[in-house]
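Chains as they are written, first to last, in my numbering: chain F, 7 to 421; chain E, 2 to 191. Below is one structure; the comments refer to it alone.
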Amino acid sequence: MGSKKQNRREFLKQGAAIAGGAAIGAASKTASAQLEGPERYIHGSDDMVAYGSRSRFVTSERIPHGGRHSPDTFGLDFHIATPLQDQYGVITPSSLFYMGTTRGSYLPDIDPDKHRLMIHGLVDNPLLFTMDELKRLPSVTRMHFVECAGNRANNRMTTVQETHGMTSNAEWTGVLLSTLLEEAGVKEGAEWIVAEGIEEVKGASSIPMTKAMDDCLLCYAMNGEPVRPQQGFPLRLLVPGFEGIFNVKWLRRIKVVDQYYMTYNDYGHLTQDPATAALGYQIGPKSVIVHPSGGMQLPGTGYYQVSGLAWSGGGKVDRVEVTTDGGQTWFDAEIRGEPQPMAHTLFAFDWEWDGSECELQSRCIDELGQIQPSRQEVGEFWNTPPGERIRVRGQDNSIQPWRIHADGSVHNAII
Amino acid sequence: MRLFKLLIPVVLLLSFAAHAQSPTKYGVGRTPSAEEIAAWDISIAPTGEELPAGSGTADLGAQLFLEKGCAGCHGTNGTDGLAPRLVKRDVGVLENAWGYGRILPIRSPFATTVWDYINRGMPLGAEGTLTPDEVYSITAYLLYLNDVITDDQMVLDQDTLPKIKMPNQDNWAQVPDWFPNQPRLQGYPY
Numbered sequence: 007m008g009s010k011k012q013n014r015r016e017f018l019k020q021g022a023a024i025a026g027g028a029a030i031g032a033a034s035k036t037a038s039a040q041l042e043g044p045e046r047y048i049h050g051s052d053d054m055v056a057y058g059s060r061s062r063f064v065t066s067e068r069i070p071h072g073g074r075h076s077p078d079t080f081g082l083d084f085h086i087a088t089p090l091q092d093q094y095g096v097i098t099p100s101s102l103f104y105m106g107t108t109r110g111s112y113l114p115d116i117d118p119d120k121h122r123l124m125i126h127g128l129v130d131n132p133l134l135f136t137m138d139e140l141k142r143l144p145s146v147t148r149m150h151f152v153e154c155a156g157n158r159a160n161n162r163m164t165t166v167q168e169t170h171g172m173t174s175n176a177e178w179t180g181v182l183l184s185t186l187l188e189e190a191g192v193k194e195g196a197e198w199i200v201a202e203g204i205e206e207v208k209g210a211s212s213i214p215m216t217k218a219m220d221d222c223l224l225c226y227a228m229n230g231e232p233v234r235p236q237q238g239f240p241l242r243l244l245v246p247g248f249e250g251i252f253n254v255k256w257l258r259r260i261k262v263v264d265q266y267y268m269t270y271n272d273y274g275h276l277t278q279d280p281a282t283a284a285l286g287y288q289i290g291p292k293s294v295i296v297h298p299s300g301g302m303q304l305p306g307t308g309y310y311q312v313s314g315l316a317w318s319g320g321g322k323v324d325r326v327e328v329t330t331d332g333g334q335t336w337f338d339a340e341i342r343g344e345p346q347p348m349a350h351t352l353f354a355f356d357w358e359w360d361g362s363e364c365e366l367q368s369r370c371i372d373e374l375g376q377i378q379p380s381r382q383e384v385g386e387f388w389n390t391p392p393g394e395r396i397r398v399r400g401q402d403n404s405i406q407p408w409r410i411h412a413d414g415s416v417h418n419a420i421i
Numbered sequence: 002m003r004l005f006k007l008l009i010p011v012v013l014l015l016s017f018a019a020h021a022q023s024p025t026k027y028g029v030g031r032t033p034s035a036e037e038i039a040a041w042d043i044s045i046a047p048t049g050e051e052l053p054a055g056s057g058t059a060d061l062g063a064q065l066f067l068e069k070g071c072a073g074c075h076g077t078n079g080t081d082g083l084a085p086r087l088v089k090r091d092v093g094v095l096e097n098a099w100g101y102g103r104i105l106p107i108r109s110p111f112a113t114t115v116w117d118y119i120n121r122g123m124p125l126g127a128e129g130t131l132t133p134d135e136v137y138s139i140t141a142y143l144l145y146l147n148d149v150i151t152d153d154q155m156v157l158d159q160d161t162l163p164k165i166k167m168p169n170q171d172n173w174a175q176v177p178d179w180f181p182n183q184p185r186l187q188g189y190p191y
């Protein structure tokens, strides 16, 4: 405050001196010499007033995942990956949230006033709710990621959007499933729930009662507004930390049951091997360096903030480690913000690049002590013979290596 | 302060009394009728308890497969359409049925899953239009095409369908019992 006054006084004195003396340099002080303003202005429109939009200079977009076009000629959407490389912080904007569907589903266009949720089966009080009624119940707001089982990297992919774009993170608001189950009164012997959507094939998944009572959430909002149709408007089940398919969209029915129901979705998930089954259920500790990542170009040697996202289906991220020498030396990265359970967590690491070829990796250690494995470690676990291509079974949480070439270009280093 | 402390239990008691008629704590939502529940409930357990009355045979199913438009998307023989293949490839008889590929009427451990999926999701675009008899017949036909049943006159109904022994009935891995704060696989990767 004091120094501001001081400056102002000096400025006034100087001004007086200039005005009183010869007009030294007066020509260069005309209005035309001020810094230029913006080239254009955005004219107000009803649309911009009602629901704002981003700058025309911001062009970041989702892309179809896995080489299958979306939408197809029939208007079906399949898998769409989020541009992680353009994201700041941990919230994925709703417009850019990744999307997965079962094959052959159009997006239901649901009138929320007509939508109902039924909870029935092994309960004392079967219940039917309108959306307004659900919103009257006590709510929670939590950060959680969702990740598709198909979010797996291979050596043909180039960018982080391709290798890791099938996961996103949002702030979700809704009712805890446990609140509804307590209202309904779960009967003895109720070990599972079956959650079902309203889309054409009425996708349904069996979810253990232990999880249903722990932290599952019936969401009607994400990132401060109603859940988007691509995410299950008007109601979506969130099963934090479980593979994407469990997070039933367009939710209309929950049946409390005594056994694993082997729905079509459950069947699609089946394997013969118990270890693989376990690895395709709760998502493991995972992380990826986003800056720098595949397809980027370092402008030269010097300081870089290496940053990325870490998450785990087992709980909070405890630590993230970064290596710049391909895994020989690991350093603790700095965790930015307070890690939340089953939520993307930001990490950063100060790095001086000396211009030599090197390999960056990150690994996540979660609060359960689970450690994100390298692909080599996965190969060893499954006794993959040396030289044979390593297959990551279940959900792929293996370490993503990025190779920096001497010219500053960044490349996917999966072999 | 003391008075306030004393009041709390009284208020709690009163509020419980006020809700005594409503079975639920919040009294929000309503009780669906038995008819509503029956109309909504399309789940079929592997034990088959929700299967409706009705019956069908593969013989009848062959005709329905054409009439109901299944053939239009899945091919006349269930092998050559734009939609997924419904019949195992001609690879002979395999010891391990997983080798036939991801084809529901051969890989599924339970015939109920085949019935349930056709009933809830097919024919795509006109789902929910098949009668129970039709679903029994088409299910029988797909099981017949995959050599799970060999008699095209065998009657499938709420009794016989759950008893069909699928080749993978005992050949699949149950997901682990889940508890909070539990690693997904002990000892993975080291």
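Note that CB positions come from ideal geometry on N, CA and C, so glycine has one too.
- Rounded to whole angstroms, tryptophan 408(F) and glycine 73(F) show a C-alpha spacing of 22 angstroms.
- By the neighbour-count criterion, in which 16 or more other beta carbons inside 10 Å mark a residue as buried, proline 214(F) falls on the buried side.
- The three-state secondary structure of tryptophan 408(F), taken from DSSP, is strand.
- By the neighbour-count criterion, in which a residue is buried when 16 or more other Cβ atoms sit within 10 angstroms of its Cβ, arginine 60(F) is exposed.
- Assignment of tyrosine 226(F) by DSSP, reduced to helix, strand and coil, places it in the strand class.
- Secondary structure within the region 229-311 of chain F: the beta strand (DSSP E) runs of 3 or more consecutive residues, fully enclosed, are 242-244, 257-263, 292-297 (chain order).
- Taking 8 angstroms as the cut-off between beta carbons, the residues of the region 297-329 of chain F near chain E are Gly319, Gly320, Gly321, in sequence order.
- Lysine 208(F) has a beta carbon lying within less than 7 angstroms of a beta carbon in chain E.
- Burial is judged here by how many other beta carbons sit within 10 angstroms of a residue's own beta carbon; methionine 54(F) has fewer than 16 and is exposed.
- A Cβ-Cβ contact shorter than 7 angstroms links glutamine 367(F) with glycine 333(F).
- Contact between the region 115-135 of chain F and the region 249-259 of chain F is present, with at least three C-beta pairs closer than 8 angstroms.
- Distance between threonine 169(F) and alanine 419(F), taken at the CA atoms: about 11 angstroms.
- For histidine 121(F), no CB of chain E lies under 7 angstroms from its own CB, so it is not counted at the interface with that chain.
- About 17 angstroms separates the beta carbons of proline 177(E) and tyrosine 267(F), which is beyond the 8 angstroms limit, so they are not a contact pair.
- Rounded to whole angstroms, the gap between the alpha carbons of glutamine 154(E) and aspartate 81(E) is 25 angstroms.
- Annotated three-state conformation of proline 70(F) is strand, per DSSP.
- Scanning chain E for C-beta atoms nearer than 8 angstroms to the C-beta of leucine 133(F) yields Thr25, Gly30, Arg31, Thr32, Pro33, reported in chain order.
- For alanine 112(E), no chain F residue has a C-beta closer than 9 angstroms to its own C-beta; the minimum C-beta separation is roughly 11 angstroms.
- Contact of alanine 283(F) with chain E by beta-carbon distance below 8 angstroms involves Ala174, Gln175, Val176, Pro177.
- Listed in chain order, the alpha helix (DSSP H) elements of length 4 or more contained wholly in the region 87-161 of chain F are 137-142.
- One Cα belongs to glycine 55(E), the other to glycine 28(E), and the distance between them is close to 39 angstroms.
- When Cβ-Cβ separations below 7 angstroms define contact, glutamate 96(E) makes no contact with chain F.
- Between the alpha carbons of proline 190(E) and aspartate 117(E) lies a gap of roughly 37 angstroms.
- Contacts with chain F at 7 angstroms (Cβ-Cβ) do not include glutamate 36(E).
- Counting C-beta pairs closer than 8 angstroms gives fewer than three between the region 270-286 of chain F and the region 51-68 of chain E, which falls short of the contact rule.
- For glutamine 367(F), there is no enclosing alpha helix (DSSP H); the residue is found in the beta strand (DSSP E) stretching over 364-372.
- The C-alpha of cysteine 364(F) lies about 31 angstroms from the C-alpha of isoleucine 86(F).
- Beta-bridge analysis with DSSP links glutamate 358(F) to Tyr309(F).
- Taking 7 angstroms as the CB threshold, proline 291(F) stays off the interface with chain E.
- Cβ contact annotation for glutamine 236(F) (same chain, cutoff 6 angstroms, sequence separation greater than five): Met105, in chain order.
- Secondary structure at glutamate 340(F): strand, using DSSP grouped into helix, strand and coil.
- Residues of the region 356-390 of chain F with a C-beta less than 7 angstroms from any C-beta of chain E: Leu374, Gln376, Pro379, Glu383, Val384, Phe387, listed in chain order.
- With 16 or more other Cβ atoms inside 10 Å of its own Cβ, valine 294(F) counts as buried.
- When DSSP states are grouped into helix, strand and coil, aspartate 402(F) belongs to the coil group.
- A contact between stretches requires three or more CB pairs, one per stretch, nearer than 8 angstroms, and the region 154-167 of chain E fails this requirement with the region 339-349 of chain F.
- Secondary structure of asparagine 418(F) (DSSP, three-state): strand.
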